Every structure is written in structure tokens, then in C-alpha cells.
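Asks: Below you'll find the structure I mean.
Protein chains in written order, with the working numbering: chain A, 930 to 1392; chain B, 505 to 819.
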């Protein structure tokens, strides 16, 4: 006679329960042990199903064809910092739906949540059909995405050549795994009247001049302020620029850890002097703090996207009237070493509508949509394609021009080493941001801070 | 054997009802089967939501799995690396400091509040509801409010201090490592004190008045009555409250992540926030899981200690 309890961990007779109760084992502890027992039995099969992605980095090739019948798309996108960005994006998405019959729903996510959600979707094989994620997120899991080489070629035919660094971000082993939307360019925003009073008729063009500028502004009671907190955009932008400007780098072109070499140490020595000129509290700043402080008139200068100027025109017109923008100065290396927050379309391999997703990307990147959106956002996103930088918008106001070439001039995270999951992890761990923060706040000497960063990178890069 | 329709009394375990008996009768009469079916939902929930993630987490911590690549078994190398990593050691220190200091002050303040609320007060019910608010409000909402209160440029506390002439410049609450640590600890104390207060209040109301009266008649002072009557009577509830609070505080994530994200420069990283940064943001699932595994034995030990002490009434 079979017992019903045979399917489960052995059922117990009441007499057995009584013996266990007498020995101090309660029904509650029995329940716990049954739960763990079943868990252990199930673990074997479940673990084997959790082997993660397959080895190898090639994206899935999907032959281009007509849009799938019944297609509908879900897009994960970073939330707009500029109202017009979302207004125009929604308008063009609606136009795409009217043209193709494909409904598109958009999840507007806070910036810090985009990367983890995009990565989790790739890992579990379920979620949005496509995402616009930051930096080299697609490089973490190229085999979980579809090949977008045909899309990149089609877009380039209409909009000109891709700039080198965006192309580098979008490709893996020669295949396009993502389509760069553009770089959220961050340049210097400064108060013209205060700069003139400090003796500067124009913004400094080199790092020595920048340090003198910062000292003079602090003396006059209008300090500069740059974020050093754990946030996605501002802190990464200027700390990477600084390290590269002095010839430092995290990894060299051969993949060796190079962060504790002379160039980096010199950059950190500069950072200590530079940090002493800043307003207090920058070590806790995220991407919004400098905007608030600048618009409140507490900062003489900061680095940020065009969103500060955009907001100032409506919220603080006197600040806007006194604001000018400028590109990051050149360091001792003698060439631009800018770092900007690039974002890219990527299409997950699990989507049942890859052709619909490809058509959506082509539609949104086409001149009829991209240019009006770019102009309405007042250049919040610097274009990754040559033709779009020739739009007369970029020279319509002097405040816009410095942002035009952000995607053209930028370097990539992990410069000058390869991009991949290691560079992505180093960015997510704020290795460079924390290294500069430790030196700038005096918490560690430049040499010690660089060595600590080197130890972290050795672990990350597995060398 | 002929089928029988006679019902077997509940509790009798003379074996399952014979073949041919309708399944409804079997179900009604077989207490073992009924027990299993009643336990099954709870077991499935435990296995699905607790057991499986725990086992998976242990497995991940023993591999080198990332978001991009499947993991190979690497033994204890994740743990070996972590114990030497300065950032991890900082997170361990932060977590212990955060837990010990928070619980200490939550207990002191919670007890004070409980003693106050145990007196005859006007609007006692309203006061109790108000004092519970910090614990009831969702953590992220209150954390965002505190983030504003601690803002390095726009802090209301700095504004008041400057306008009262107590300070001359804004306080750098979250930009300096130790200031940031004390700030998040203060928020946790603010959030957790009501839990202690309401639990200890419940305990206070079970202390027999006759004990206090007897002590009073023997000439005991208020402090002596508190020390020798109230505190011993509250030992059981204290143990339970401290255990729960230790578990919640040691594994805290949302409060610190919302206010500082572990900064400045990892100064406020707890084990949970560091595990999230490594696993989810950095894609290093195995290292994140290994960090999280350090939480499990500590919580297990705290729970077992309390269980055995309370069950044997040793507190």
C-alpha cells in the first residue's frame, strides 16, 4: 500500500511526532526541516537550470525582414532630465505606432536603476524587448543581444559616418551589438560676471589655468563644485577626464593595470589641490546636487549637461543670462580627454519581435525624428553621427556649441584597454571616482589611493 | 477487502483508510494527509522564496559566475579575496558599527518612550499613533526626506544652526566619512525606536502591579523597582525585540542605499549594499553572493542564541 506521504519527505505517524515532541523537537522545527529537505531535493535540478549564459560573445543574428505580425514592444529608457526630451520621444514613438501599427510602451527609469534592470533582464531572459542603457552595459552580455550591424549601416547611410568612440561602444568583435543614441555631454557651465571679476575673460583652456580659476573663484566666495559621490554621470565624467588629462589610465592597450603609474599619481596630486577649492560636501553629491547648487547661485562653475542651462532659462533667468559653457580644458597630454555618458539601444535576443525592434531604432535615429528631438532637447544628447553635428542648432547660441562635439571627442571607459564586463564592473564599482575622491578630500595620499585602485582593478580584470 | 464507509476517528492512526473509500472520506479521516496538505502551502513558500534563493546564493558564492559568463566552481576563492579586500572589510566594520550602535540607542530610547507611554496621559492613543509613524512610513520615503535634511547645501538643520548663530557654515553631513556614518545611524535609530517602544510597552503592561507595590512597601526607590522588577520581567520581550532588530539592522539595505548609496567613498557601505553594487550593478554575481553569505551565519547565530536562551528562560 503506498502512502500519500511518499511524494514528500517521509510523513510521520502521530506516535513518532509524540516521540519527537518529547525530545524537544516541535512541529515548527519539523516544518523547518521539511522545508529545507524539499529545498535540497529541488536544488540539484534548479541549480543546473541556473548555469547562466552560454560561453562566447557573439550576438544573435536575426535576418532582417518584415515586422512580425502582432508585434508590440516594450522599451526600457533612462528618465529625461529635460522635459522636451520626453515630450518629443513620446511624440515620435506614437508616430512610429501610427506608421507601423506596433504599439510601444516605455518604462522611464531613474538613471541608477537602468543598468541593473537592463542587466537583470539579460540574465533572466525576460523583460523589455529593447533598452537604452548607459556606457558599455551591452558589452557585458553580447551573446544575449541581437546583431544590429544592418541597422547601423542603414542609419549611417542617412546620417553620415559614426564617430570612432561611439562605434567602439556599439561593436563587439566587429559586429554591432548596440546602436549609440548619443552622449549626454557634460561640459563646464560658469557664471560669466563672477569669472570676469576673478580676472578671467574666458574659460581656461588648460588644467593649470583651471586650477588658477578655481582658486580665484573660491577667494571671491563663488567656489566651484564637482560631484564625487556614487552617481552615474557627473562624477564619472570629470574624474575620468582628469586622470586621462595627465596621461593616467586604468588599463593600457595590452590589458595591463596601469592606474598606479606616474600619470595617475600626477592627476591625483592635482585633484588634491583642485578639491581644496571646491564647495564643501561634494563627496556626497549625486547627479542632481550640482544642478541645484548652481541654480541657487551657490556655485561659480560646475560641469554638467546642458540641462543646467535649460532649467535656468525657465527657473532662474538671471542665472541663465549670466551663464556660459565651455569644453573641458586640455591637460599635459595635449589632446582632448573627455568622457561622456553615452547611451545605446540594445535589443535582447529573447524578444519575439526583433524586426519590429530594429525598425523602431531606425525610425527614432532617422533625421526626421532625431534632429527635431535633439534640437528640442537643446542638445542634451550630443549626436554620434557626423551629419547631425552640422545642424545649425549647434551654432544658434554660444552656450550650445561646446556640447556639439562631445560624442566626437570622447574616450571610452576602460581607456586605453578593451571594453567588456571588466571595464563595466570597474565603472559600476566607482573605482576611478573613489580613487579621485580619496585624494581630493585628503583621505589618502595620491600614491596610496592609486595603489588601492590598482588592487581593485587587478581583481576585476583577473590579472 | 470490502470498502467501508465507517469513518476513522481523527487522531487514530490505524493506517490509511482501505481501498475503495472515496478520496473525500480519506482526506477527512486521514490526519497525516490532512497535515501534509495544510503544511504544503507554507513549505512551498519557504522553499520557493527562502530555500531556493538561499541555496542558489550559496552555489553562486562558490563560483565565478557573472552576468556575461556561466560560472565554474572555484571553491572558497571569493571568500579568500573578500577577507583581504579593504572595501569589504570597511563594509563589515560599517555593518557591525551600524547594528550595535543603532540597537543600543533604539533600546534606550524605546524603553524611555515605553515608560512614558505606560503612564496615564491625555490623548495616549493619539500619542502612540504619532510615535509609531517613523516605523510605519515606508523606509525609502523617509530616507529621501532625510537625504534632503542632510543635504550639504540645503539642509534645514544647517539653516537653523546658522540663523541661530550656532554655526557659521553648512554641516557636511554626508560628504565626510564619519559624519555620513553617524547620519545614517541616526536615521536608523529614528526609524527603529518605535518598534522597541511599542514592544516594550506591551511587555510593561504585563508586569503585575503587585510586584511594584511589594517593592515599594519594602522601601525600594523608583530606580530600584525598575532595575529589580521591571527589567527582569521584560527580559523575554527584550530578547525577542533585540533579535528581530539585529536581523533587520544587520541586513539593512534600503535606508543606506537611498541616502548615500554606500558613499562617500564606501564609508557607509553595509554588506547588503556592497553585495548589490557588486552583483547587480557590477555584474559580478558570484562576488555579490559571497558578500551576502557573510550575513547568513551571523543572523543564524543571533537567532539560535535567542531561541535557546528564551526557550530555557535564561535571559
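In this text, a Cβ means the ideal position worked out from N, Cα and C, and glycines have one as well. Here the structure is a predicted model, which means the values were calculated and not measured.
Would you call the stretch 581-591 of chain B and the stretch 1380-1392 of chain A touching, i.e. three or more CB-CB distances under 8 Å?
Replies: Taking 8 Å as the limit for Cβ pairs, the verdict is that the stretch 1380-1392 of chain A does touch the stretch 581-591 of chain B.
Asks: On the premise that residue 629 (chain B) lies in contact with residue 656 (chain B), defined as a C-beta separation below 8 Å, what is that separation, rounded to the nearest angstrom?
Replies: Counting from 1 along the second chain, the entry for residue 656 (chain B) is found at position 152. Counting from 1 along the second chain, the entry for residue 629 (chain B) is found at position 125. Contact flag wrong, Cβ pair sits at about 40 Å.
Asks: Could you give the distance in angstroms between the alpha-carbon of residue 1353 (chain A) and the alpha-carbon of residue 1031 (chain A)?
Replies: Locating residue 1353 (chain A) in the first chain gives position 424, counting from the first residue. Locating residue 1031 (chain A) in the first chain gives position 102, counting from the first residue. Straight-line Cα distance between these residues: approximately 33 Å.
Asks: Is the CB-CB distance between residue 741 (chain B) and residue 703 (chain B) below 8 Å?
Replies: What you label residue 741 (chain B) is simply residue 237 of the second chain in a count that begins at 1. What you label residue 703 (chain B) is simply residue 199 of the second chain in a count that begins at 1. Contact: yes.
Asks: Determine the chain A residues that contact residue 766 (chain B) at a beta-carbon separation under 8 Å, and present them in chain order.
Replies: Position 262 of the second chain holds residue 766 (chain B). Neighbours of residue 766 (chain B) on chain A, chain order: 1159.
Asks: Can you tell me whether DSSP reads residue 1031 (chain A) as helix, strand or coil?
Replies: Numbered from its first residue, the first chain carries residue 1031 (chain A) at position 102. In the structure shown, residue 1031 (chain A) sits in coil (DSSP, three-state: anything other than H, G, I, E or B).
Asks: Measuring CB to CB, does residue 1209 (chain A) end up less than 8 Å from residue 674 (chain B)?
Replies: On the first chain, position 280 is the one that residue 1209 (chain A) refers to. On the second chain, position 170 is the one that residue 674 (chain B) refers to. In contact: residue 1209 (chain A) and residue 674 (chain B) (Cβ atoms closer than 8 Å).
Asks: Considering only C-alpha positions, which residue in the set A:991, A:1278, A:1216 is nearest to residue 1233 (chain A)?
Replies: Within the first chain, residue 1233 (chain A) is the residue found at index 304, counting from 1. Out of A:991, A:1278, A:1216, A:1216 has the C-alpha closest to the C-alpha of residue 1233 (chain A).
Asks: Can you tell me where the alpha helix (DSSP H) holding residue 1357 (chain A) begins and where it ends?
Replies: Here residue 1357 (chain A) refers to the residue found at position 428 of the first chain. 1350-1357 is the span of the alpha helix (DSSP H), which, as asked, contains residue 1357 (chain A).
Asks: The alpha helix (DSSP H) spanning residue 1133 (chain A) covers which residue range?
Replies: Indexing the first chain from 1 puts residue 1133 (chain A) at position 204. Segment: none, residue 1133 (chain A) is in no alpha helix (DSSP H) and carries neither H nor E.
Asks: Using beta carbons (cut-off 8 Å, strictly below), is residue 553 (chain B) in contact with chain A?
Replies: As a first step, residue 553 (chain B) must be located in the second chain, where it is residue number 49. Residue 553 (chain B) does not count as touching chain A.
Asks: Hey, how far is the Cα of residue 809 (chain B) from the Cα of residue 744 (chain B)?
Replies: To locate residue 809 (chain B), count along the second chain from 1; it is residue 305. To locate residue 744 (chain B), count along the second chain from 1; it is residue 240. C-alpha separation (whole angstroms): 11 Å.
Asks: Could you tell me the distance, in whole angstroms, from the CA atom of residue 1271 (chain A) to the CA atom of residue 1309 (chain A)?
Replies: Taking the first residue of the first chain as position 1, residue 1271 (chain A) is located at position 342. Taking the first residue of the first chain as position 1, residue 1309 (chain A) is located at position 380. Each residue's Cα considered, the two are about 11 Å apart.
Asks: Taking the alpha-carbon positions, what's the residue 1195 (chain A) to residue 1266 (chain A) distance?
Replies: In the first chain, residue 1195 (chain A) corresponds to position 266, counting from 1. In the first chain, residue 1266 (chain A) corresponds to position 337, counting from 1. For residue 1195 (chain A) and residue 1266 (chain A), the distance between alpha carbons rounds to 15 Å.
Asks: Quick test of the definition: if touching needs 3 or more C-beta pairs under 8 Å, does the stretch 1330-1345 of chain A touch the stretch 1167-1187 of chain A?
Replies: Counting Cβ pairs under 8 Å, three or more are found: they touch.
Asks: What are the boundary residues of the alpha helix (DSSP H) that residue 1275 (chain A) is part of?
Replies: Here residue 1275 (chain A) corresponds to residue number 346 of the first chain, with the count starting at 1. It is not in any alpha helix (DSSP H) - residue 1275 (chain A) instead sits in the beta strand (DSSP E) that spans 1270-1276.
Asks: Quick one: which residues of the stretch 1208-1223 of chain A get their C-beta closer than 8 Å to a C-beta of chain B? List them in chain order.
Replies: Result list: 1208, 1209, 1210, 1211, 1212, 1213, 1214, 1215, 1218, 1221, 1222.
Asks: With 16 as the cutoff for other CB atoms within 10 Å, does residue 1235 (chain A) come out buried or exposed?
Replies: Stepping through the first chain from its first residue, residue 1235 (chain A) is reached at position 306. The residue is buried, with at least 16 neighbouring Cβ atoms inside 10 Å.
Asks: Residue 1108 (chain A) and residue 1274 (chain A) look like a contact to me (Cβ under 8 Å); what is the Cβ gap, rounded to whole Å?
Replies: Sequence index remark: in the first chain, residue 1108 (chain A) carries index 179 (1-based). Sequence index remark: in the first chain, residue 1274 (chain A) carries index 345 (1-based). Contact holds; Cβ gap of about 4 Å.
Asks: For residue 1333 (chain A), which residues from the same chain have a beta carbon less than 6 Å from its beta carbon, with the 5 sequence-adjacent residues on both sides left out?
Replies: Here residue 1333 (chain A) refers to the residue found at position 404 of the first chain. Contacts found: 1318, 1323.
Asks: Under 9 Å between beta-carbons, which chain B residues line up against residue 1169 (chain A)? List them in chain order, please.
Replies: Sequence index remark: in the first chain, residue 1169 (chain A) carries index 240 (1-based). None at all; the shortest Cβ gap to chain B is about 16 Å.
Asks: Is it the case that the Cβ atoms of residue 602 (chain B) and residue 753 (chain B) are separated by a distance below 8 Å?
Replies: By 1-based counting over the second chain, the position of residue 602 (chain B) is 98. By 1-based counting over the second chain, the position of residue 753 (chain B) is 249. In this structure, residue 753 (chain B) lies closer than 8 Å to residue 602 (chain B) by Cβ.
Asks: By the criterion of Cβ-Cβ separation under 9 Å, what are the contact partners of residue 585 (chain B) in chain A?
Replies: Residue 585 (chain B) sits at position 81 when you count from the first residue of the second chain. Simply 1388.
Asks: Tell me whether the beta-carbon of residue 1044 (chain A) lies closer than 8 Å to the beta-carbon of residue 1026 (chain A).
Replies: Numbered from 1 along the first chain, position 115 holds the residue referred to as residue 1044 (chain A). Numbered from 1 along the first chain, position 97 holds the residue referred to as residue 1026 (chain A). Not in contact: residue 1044 (chain A) and residue 1026 (chain A) (Cβ atoms no closer than 8 Å).
Asks: Is the stretch 1141-1151 of chain A touching the stretch 1237-1247 of chain A, taking contact as three or more C-beta pairs under 8 Å?
Replies: Because the criterion of three Cβ pairs below 8 Å is not met, the stretch 1141-1151 of chain A and the stretch 1237-1247 of chain A do not touch.
Asks: Is DSSP giving residue 1206 (chain A) helix, strand or coil here?
Replies: Position 277 of the first chain, counted from the first residue, corresponds to residue 1206 (chain A). In this structure, residue 1206 (chain A) counts as coil in the three-state DSSP scheme.
Asks: With residue 706 (chain B) as the anchor, note down where its alpha helix (DSSP H) starts and where it stops.
Replies: Here residue 706 (chain B) corresponds to residue number 202 of the second chain, with the count starting at 1. Its alpha helix (DSSP H) spans residues 681-708.
Asks: Considering Cα atoms alone, identify which of B:598, B:718, B:746, B:798 is closest to residue 811 (chain B).
Replies: If you number the second chain from 1, residue 811 (chain B) lands on position 307. Answer by Cα proximity: B:746.
Asks: By Cβ distance, which residues of its chain are closer than 7 Å to residue 986 (chain A), with the 5 residues on each side in sequence left out?
Replies: Mapped onto the first chain, residue 986 (chain A) falls at position 57. Closer than 7 Å at the Cβ level, and outside the excluded window around residue 986 (chain A), lie 1071, 1072, 1101, 1102.
Asks: By DSSP, does residue 1119 (chain A) sit in helix, in strand, or in coil?
Replies: One-based indexing of the first chain puts residue 1119 (chain A) at position 190. Note: residue 1119 (chain A) maps to strand in three-state DSSP.
Asks: Mind checking residue 1006 (chain A): buried by the 16 CB within 10 Å criterion, or exposed?
Replies: Sequence index remark: in the first chain, residue 1006 (chain A) carries index 77 (1-based). It is buried - the Cβ of residue 1006 (chain A) has at least 16 other Cβ atoms within 10 Å.
Asks: Do the CB positions of residue 1168 (chain A) and residue 1011 (chain A) come within less than 8 Å of each other?
Replies: The residue given as residue 1168 (chain A) occupies position 239 in the first chain. The residue given as residue 1011 (chain A) occupies position 82 in the first chain. No. Outside cutoff.
Asks: For residue 757 (chain B) and residue 699 (chain B), I'd like the C-alpha separation in whole angstroms.
Replies: For this step, residue 757 (chain B) is matched to residue 253 along the second chain. For this step, residue 699 (chain B) is matched to residue 195 along the second chain. C-alpha separation (whole angstroms): 18 Å.
Asks: Whose C-alpha, out of A:1260, A:1372, A:1110, is nearest the C-alpha of residue 1081 (chain A)?
Replies: Translated into positions along the first chain, residue 1081 (chain A) becomes position 152. Nearest of A:1260, A:1372, A:1110 to residue 1081 (chain A), Cα basis: A:1110.
Asks: Strictly under 8 Å for the Cβ-Cβ distance: is residue 658 (chain B) near chain A by that measure?
Replies: Looking up residue 658 (chain B) in the second chain gives position 154. Answer yes: the Cβ-Cβ gap between residue 658 (chain B) and chain A drops below 8 Å somewhere.
Asks: Report the option in A:1062, A:1389, A:1003, A:1061 whose CA atom is closest to the CA atom of residue 1350 (chain A).
Replies: Reading the first chain from its first residue, position 421 is the one you call residue 1350 (chain A). The shortest C-alpha separation from residue 1350 (chain A) is found at A:1389.
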